[in-house]
Amino acid sequence: MMALPPEPTPTLQQLLAFYLEAGVDCALGDEPINRLEEAEPVPAPAAPPRPPVALNPLRPPPMPAVPRSEITVAPEAAIASAREAARTAPTLEALRALMETFDGCALKHTATRLVFADGNPEARVMFVGEAPGREEDIEGLPFVGRSGKLLDRMIAAIGLDRSKAYIANVIPWRPPGNRTPTPQETQVCLPFIQRHIELVNPDVLVTLGNPSTQALLGTREGIMRTRGKWIDYDTGTRTIRAVATFHPAYLLRSPSYKRLSWQDLRAIAKVLQQAMA
């Protein structure tokens, strides 16, 4: 069988004429593209990494915002500041003003108000508890809740009332939720109550409960061992007779100890009578 001769190769002009008749009138690229297929989404180019910010050695980095209630002062600095402030107070009014502006104790920022004192600052007997509770925080006066009403009955049993006694706390701000004050909080507030006692200058100091007894009388023994025992409390300018007894809140929980508390109150009344003689 004789082979057919090959068809002649079309010229460039012939190819252009063919494409034009087929509707191809412009060149879009070197590779063919099927435009009936759905185009795949093209991922966005990743952002280039940000260059590290150079820190200015003369400017400290920004600190995160801290709630005011969580701002704390170094314990040693806070205690030293409290001692210096308390030492400079010449009167009870000046001491109260200093405590109102003192920021070294975090309890101040969670309490409603300062609970300074109640009663007669000229009284010959001063009662000191541990810290204010909810009712005290609301009213700004110590011992106004249930334990305060019991304290009123206790001192009335020996012929006293709030016009003849003076009442304060070691801690002048209510701890959140009535929790126990921390040792640091007690140490920060201690110079203020010590100066408070010195300015009132009573003949008899009565510490109510274990925390105030340990803080002011310098003992590590429990209230069962310390109650009813007279010791000398040195204010730096004078020696005051001091005695510990149960806190009224403890007596509300354990009324069986009221008998021992009554013995302590009778001893207090006797010492006050002797001081008047």
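In the working numbering, the protein residues as written are 16 to 292.
For each residue, glycine too, the CB sits at the ideal point set by N, CA and C.
Query raised in the report: What does a CB cutoff of less than 7 Å around Glu115 pick up in its chain, not counting 5 residues either side in sequence?
Result: Here the set comprises Leu129.
Query raised in the report: Are the beta-carbon atoms of Pro157 and Ile182 separated by less than 8 Å?
Result: Using a Cβ distance threshold of 8 Å, Pro157 and Ile182 count as a contacting pair.
Query raised in the report: How about the stretch 250-263 and the stretch 201-216: do they share at least three Cβ pairs that are nearer than 8 Å?
Result: Result yes; three or more Cβ-Cβ pairs closer than 8 Å.
Query raised in the report: Quick one: Cα of Ser105 to Cα of Asn135, how far?
Result: According to the sequence displayed, residue 105 carries Pro and not Ser. Going from the Cα of Pro105 to the Cα of Asn135 covers about 18 Å.
Query raised in the report: For Asn184, which three-state DSSP category applies?
Result: Assigned with DSSP and collapsed to three states, Asn184 falls in strand.
Report task. Per DSSP, which residues does Arg256 bridge with? Please list them. Result -> DSSP, once it has assigned bridges, lists Val219, Asp247 as partnering Arg256.
Query - Candidates Val203, Tyr272, Ala172: closest to Arg281 by CA position - result: Between Arg281 and the set Val203, Tyr272, Ala172, the nearest pair of CA atoms involves Ala172.
Query - Arg149 (DSSP reduced to helix, strand or coil) - result: It is helical.
Query raised in the report: Applying the criterion that 16 or more other CB atoms from any shown protein chain within 10 Å of the CB defines a buried residue, is Met239 buried or exposed?
Result: Counting C-beta atoms within 10 angstroms of its own C-beta, Met239 has fewer than 16 neighbours from the protein chains shown and is therefore classed as exposed.
Query raised in the report: Since Ile153 and Thr125 are thought to touch, with beta carbons under 8 Å apart, how far apart are those beta carbons, to the nearest angstrom?
Result: About 14 Å separates the beta carbon of Ile153 from that of Thr125, a gap too long to meet the 8 Å contact definition.
Query raised in the report: Pro270: buried (16+ other C-beta within 10 angstroms of its C-beta) or exposed?
Result: Classification for Pro270: exposed.
Report task. Below 7 Å CB to CB, which residues in the same chain sit around Ile170 once its five sequence neighbours on both sides are set aside? Result -> Cβ-Cβ distances below 7 Å link Ile170 to Asp176, Ala180 in the same chain, with the five nearest sequence neighbours on each side left out; the list follows chain order.
Query raised in the report: If Gly155 sits next to Ser227, beta carbons under 8 Å apart, how far is it from one beta carbon to the other, in whole angstroms?
Result: The Cβ separation is near 19 Å, so there is no contact.
Query raised in the report: Nearest-angstrom Cα distance between Ile212 and Gln229?
Result: Rounded to whole angstroms, Ile212 to Gln229 spans 16 Å at the Cα level.
Report task. Determine the contact status of Ala259 and Thr222, defining contact as a CB-CB distance below 8 Å. Result -> Closer than 8 Å, so yes.
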